[in-house]
Amino acid sequence: MILNGRDALTAGKNDYSSEDEVDNQGPVFQNKSDRSENMKFFLQSGCIPDAAMIHAARKRRQKARELGHDYIPVEEQSDEKGNSRLVREEDHDRSDDEDSQERINMTVDTDALDKEKRRQAFLDSQAPIVKVSDEESEPEEEEWEVQQIRKGVTGAQIAAAHQDSMAQYNALGIGPSHMMESGIPMMTSSIIPAAPPPPMIQPPDPTKCVPVTADEVLSKMRERLNNLREVHRRHELNYDAVIQELLQSKKELEEGENRAPEMAQRYKYYQELRGYVTDLVECLNEKLPMVAALESRWVDLYGDRSTELMERRRQDTRDQAEEVTSASRGPILRRGPEDDARMRRATEREGRRARRRRARELAPVLPRHMDGMSSDDEVTEQQNLIFRQFRDEIEKESRELFADVEEDFCTVRGILSKLEDWRTTDLESYNDAYVPLCIPKIVSPIIRLQLITWNPIMESAELERSKWYNTLLLYGLDMKETEESLRCDPDVRLIPSTIEKIVVPKLTTIVEKIWDPMSTSQTLRLVGLINRLIRDYPNLNETSKQLETLFNVIFEKIKAAVENDVFIPIFPKQIMDTKHQFYQRQFAMAIKLLRNLLSWQGLLGDLKLKNIALGSLLNRYLVAGLRVSPPVDALTKANMIMSTLPRAWLQGETIEHLKMFATLIRQLSEQLDQANPAHNEAWEYSKSILKIIRPL
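If you number the sequence shown the way this note's numbering does, the last residue is 908 and the count never jumps.
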C-alpha cells in the first residue's frame, strides 16, 4: 500500500470509534503530535510511506542537525482531539522532560525491534527521488541512490513487510473493513502482490458431529489391526523370499567357483574344436570343386559310351527299315556315300551278331534265345582301350586328391572321431549345434569321392560293404545301449540321411546319363537297388524330394525309349515273307522293352506306368504287329506278352488298357483250325488268355 502526503497526515484519525473510548477507560498516554504518532504507527505496522511523508521526515532531521540539541520540533495541531487507546513506545524520539509524566516501559520487545529494523531498511531503500528546490540535492546522487536501493531490495522483502503489517492489524483487531471505515487506504494488489491467506480451520460444529459408539471404535481398531497384520505378513513373505534368493545366490556363487576349472577346460576344448571345424571347412571348400569335376568327368565318360550305343542301335533299326523299303522298290543302280556308310554299318552289325551267337553256343548251358532279345553293346578294342585310359586317369586323380591333407580332414573316420569326442563330452551342446543334421553335409565330399567309380547298373556293388558305410554304422556306438536308448539317440537317422542326401542324387545322375531302358541287365540291377533302398531306409518314401526326382528321371527315360527305340514294321505280306527276320527282331525288342517297363511295377505309380506300358507300347505298337502276323505266330507272341504282365493288374475286373488286346486274341482264336494239330498249342494260349482278361 502506497500513501500520499495528505493520506499519510490524516491516516489513523478515525481508527477508533467513540464506543471504544467509552469501553476502554484505562490510562491514556497523549502524544504531542497526532501526525507524528500516526506516521510512527504506520511505520511500525509495516506500511510503506509515500514521498510526502519521507520528505517531511527528512526536513525534520535536517532542521535538527542544523539547530543542534536546542531544537524543539513544533508539530501541527491534529484535527483529532480524541484520545487514542494505542500506546506508542517513542523512547528514542522523546526527551526525558516530555516522558517524565508517561509510564516507562522497561520491557524489550524483540519482535518490535526486528520490525523496526526492517522498516528502517525499507525506508532507506524505497525512498524515491523527490524533486525539490533544495540546492543541496544533486540529481545524479539521487538517481544513483535509487538504483542501488532497487538492486538491494527485492519483491520478496516487500511481500514480507506487507504480511507482517497485516498480521499486526489482525493482532490488534483491526481488519480490512475497519481500516476502510477509519480512512486507512489499502495497498493495491496490482503494485505489491499479496501472499495467499493461510487456510482457516474452523472447529467442528458439535451439532453436526455424528455420535460414535464404543463398538464402532473397537471395530475400526480391529480392522486397522487386521490390516497391519496383513501388511506384516506380506513383509514377512517378502523377507523370506529375499532370504531364499540370497541363499540361492550364495549357492550359485559357490557352484560357479567350483565349476570354474571345468568351464575353463571346456572353453579350451571348444576353442580347439572351433579351430578344427574352421580348418575342415576351408579344406573341404577347396577340394569340393575338384570332387565335382571328377564326378562330372566320370559320368560324361560312361554317358558318352551309353549314348553312343543307343544311337548305334537306333541307326541300325533305321538302316534295316530302309533296306526293306528299298527292296520293294527294286535294285539301286547308283550308290552314293550314304549307301556305302549303310553297307559298312550293316557289315559291322552282322559281325557283332555272329560273335554273340558263337558266344551263346560256347556256353555250358544253352539258353533259350529269341533274336532281338540280346543287347548290342559290343565296341571295338580301340574304343575299349581309350575308355579304360580315361577311366584309370579319373581313378588315379581321385586317389591323389587328398594326398596333401592329414587323415583327420580327409577321411570319414578322422572327421567322425572329432565329432564323437564332442558327443561324449557334452551331448547337450552337441544337439544344440545341430551336429546330427550337419554330419551328412560335412562328410559328403569324402563319400562322393569314394562313390565316383560306383556304377550299380553295370556291376553289383553293395554300399553296405564300403568302409565309409561301416564307419557311419559304428558312429556313437555304446555297448550298453538298449532299444529305448536308441530311440533317443540323436544320430539314429545318420545313415538314412546320408543315403538320401548323397547316394540317391548320385543314382539319379547315373540314371539320367548312363541307364539304357532297353538293357534288361541294367534295368534289373537298378530296380533291385531301388527296392532295397526303399525297404531298408524308411525315410525314402513319398515325402522324399530326392526319391521323387529320381522317379521323374526314370519316367522321362522310359518315355524316350518308347518313342525312339520301338519300331515294328508293317508291310505287305509278300515283303514280310522275304524280310521276316527283321520283323521278328523288332517285335522281340518291343516285348523286351515292355518287360523292362513292367519290372517297375510297385515302385512307380501304376497309373503312369499303365499309360506308358499298356496305353502306348502295347496298344499302339504290339497289337498292330499282332494283326499282321499269322494266327499261330500271333497267339504265341500274345502268350509272351501275357507272361510279362504283373499279376496285380490281372486280378479283378479287366483294366481298360487290356480290353483291346483281349478283343484281338478272340479274333485270332476264331481264325484257328481246331482240326489242325499245329494249331492246338495256339488254341490253348487263346483260351488261357481269354480266361484271365475279357474283351470289349
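We treat Cβ as the ideally placed atom computed from N, Cα and C, and that holds for glycine.
State the CB to CB distance for the pair residue i and residue j, rounded to an integer number of angstroms; the pair is presumed to be in contact (CB under 8 Å).
| i | j | result |
| --- | --- | --- |
| M585 | K804 | 5 Å |
| V624 | T683 | 5 Å |
| T755 | T720 | The pair is not a contact, with the Cβ atoms about 17 Å apart (cut-off 8 Å). |
| F599 | R517 | 6 Å |
| L834 | A802 | 6 Å |
| L880 | S898 | 7 Å |
| W634 | L465 | 29 Å between Cβ atoms; not a contact. |
| L675 | V715 | 7 Å |
| N851 | T732 | 19 Å between Cβ atoms; not a contact. |
| L830 | L806 | 7 Å |
| P588 | R564 | The sequence given here has Asp at residue 588, not Pro. Between R564 and D588 the Cβ distance is about 6 Å, and since that is below 8 Å, they are a contact. |
Please state whether DSSP places residue i in a helix, a strand or coil.
| i | result |
| --- | --- |
| Q886 | coil |
| V240 | Confidence at V240 is low in this model, with a pLDDT of 41, below 50, so the placement of that residue is unreliable and no value is reported for it. |
| Q863 | coil |
| L816 | strand |
| G515 | helix |
| V617 | coil |
| V916 | What is shown of the chain runs 213 to 908, which leaves residue 916 out entirely. |
| G688 | coil |
| Y488 | helix |
| I659 | helix |
| M730 | coil |
| L829 | helix |
| S756 | coil |
| C495 | helix |
| Y749 | coil |
| R705 | coil |
| N667 | coil |
| S841 | coil |
| S678 | coil |
| S697 | helix |
| A453 | helix |
| S461 | helix |
| I780 | coil |
| E590 | coil |
| R906 | coil |
| P501 | helix |
Go ahead and label residue i buried or exposed: buried means 16 or more other beta carbons lie within 10 angstroms of its beta carbon, across all protein chains shown.
| i | result |
| --- | --- |
| I659 | buried |
| E693 | exposed |
| I451 | Contrary to the premise, residue 451 reads as Tyr rather than Ile in this sequence. That one is exposed. |
| Y514 | buried |
| R737 | buried |
| D970 | Nothing about residue 970 can be read from this structure; the chain reaches only from 213 to 908. |
| Y795 | buried |
| N743 | exposed |
| Y642 | buried |
| D427 | exposed |
| P549 | exposed |
| A505 | exposed |
| K190 | There is no way to answer for residue 190, as the model of the chain reaches only from 213 to 908. |
| Y479 | exposed |
| G688 | buried |
| T710 | buried |
| Q601 | exposed |
| Q734 | buried |
Quick check on this structure: which residue in the options has the alpha carbon closest to the alpha carbon of residue i?
| i | options | result |
| --- | --- | --- |
| K718 | H444, R441, A268, V511 | V511 |
| M670 | W680, R635, L741 | L741 |
| M502 | I606, M691, L492 | I606 |
| V489 | A575, P473, C650 | C650 |
| F779 | E355, L663, S828 | S828 |
| Y749 | K822, V739, I707, W727 | I707 |
| F614 | L492, K903, N808 | L492 |
| E523 | A575, M265, V844, A773 | A773 |
| E618 | K462, C495, R270 | C495 |
| S855 | I905, Q359, P843 | I905 |
| E768 | Q798, R747, I867, P729 | P729 |
| K903 | Q359, L816, T866 | T866 |
| I901 | D885, W812, T875 | T875 |
| R797 | Y481, D528, T419 | D528 |
Any Cβ of chain B within less than 7 Å of the Cβ of residue i?
| i | result |
| --- | --- |
| V704 | No chain B appears in the structure shown, which is made up of a single protein chain. |
Cβ-heavy atom distance between residue i and the ligand NAD below 6 Å?
| i | result |
| --- | --- |
| I669 | Although the ligand NAD was asked about, the structure shown includes no ligands whatsoever. |
Exercise for review: Output the residue ranges of the alpha helix (DSSP H) runs that lie fully inside the region 619 to 654 and measure 4 residues or longer, sorted by chain position.
Suggested key: Every unbroken stretch of the alpha helix (DSSP H) spanning 4 or more residues and falling wholly within the region 619 to 654 is given here in chain order: 619 to 622, 624 to 637, 639 to 644.
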